Structures are given as structure tokens and as C-alpha cells.
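Participant: Mind looking over this structure? Questions follow.
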Amino acid sequence: MALAYDQLKTELSLCTGTRKAGQQCNGSVYVCGECGARGCKQNQGTCTEQAFDVLDRCLKCGAHTMQPVG
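Quick note on our numbering: the sequence shown kicks off at -7 and runs consecutively.
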């Protein structure tokens, strides 16, 4: 029996931002160890709460210190 997406990520904080198509993001939330920015990791401009690009770079300060929020 396959687990639902939300069940797989129950120990992680999920992004409440909105994707371009209008649905909730539900991506994992991360925090920048340098500036404290919080948000998901996506392609540029994909989510309203995006804080990191796909290369783990913080969009606010440019650091590569992304850490998961539990």
C-alpha cells in the first residue's frame, strides 16, 4: 500500500505557499543558516514562499547553508 505524500513528510514542515497554477506548494521548508530566511526549495519563481533555488542557494543572501526545518 502506497503512502500519501503528506504522510511521507509528516516529520517535516510543509510549505503553505502557492504555486503558479494556484495549488498549495507542500514542499519541504528549509531555513538559511546564515540569514534565517525560511521557505521551500524550487525552480526560480515557482512558489510564493520560495527561499532557495534548486542548487540550495538562499535567494535572500546567496549563502549555501540550507537546513531542514523539522
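Just so you know, even glycine gets a beta-carbon here, dropped at the ideal spot from N, CA and C.
Model, not experiment: these values are computed from the prediction.
Do you know offhand how far N18's Cα is from R11's?
Facilitator: Residue 18 sits at position 26 when you count from the first residue of the sequence shown. Residue 11 sits at position 19 when you count from the first residue of the sequence shown. The alpha-carbon atoms of N18 and R11 are separated by roughly 9 Å.
Participant: With DSSP collapsed to three states, give me the class of M(-7).
Facilitator: Indexing the sequence shown from 1 puts residue -7 at position 1. Low local confidence applies: a pLDDT of 48 at M(-7) is under 50, so the model's placement there is unreliable, and no value is given.
Participant: Specify the secondary structure class of C17 as computed by DSSP and reduced to three states.
Facilitator: Locating residue 17 in the sequence shown gives position 25, where the first residue counts as 1. Of the three classes helix, strand and coil, the one that applies to C17 here is coil, per DSSP.
Participant: Under three-state DSSP, which class holds G31?
Facilitator: Position 39 of the sequence shown holds residue 31. If DSSP states are grouped into helix, strand and coil, G31 belongs with the strands.
Participant: With Q42 as the anchor, note down where its beta strand (DSSP E) starts and where it stops.
Facilitator: Walking along the sequence shown from the start, residue 42 turns up at place 50. Q42 -> beta strand (DSSP E) spans 42 to 44.
Participant: The beta strand (DSSP E) spanning Q36 covers which residue range?
Facilitator: For this step, residue 36 is matched to residue 44 along the sequence shown. Taken as a continuous stretch (DSSP letters only), Q36 belongs to no beta strand (DSSP E), as it is neither H nor E.
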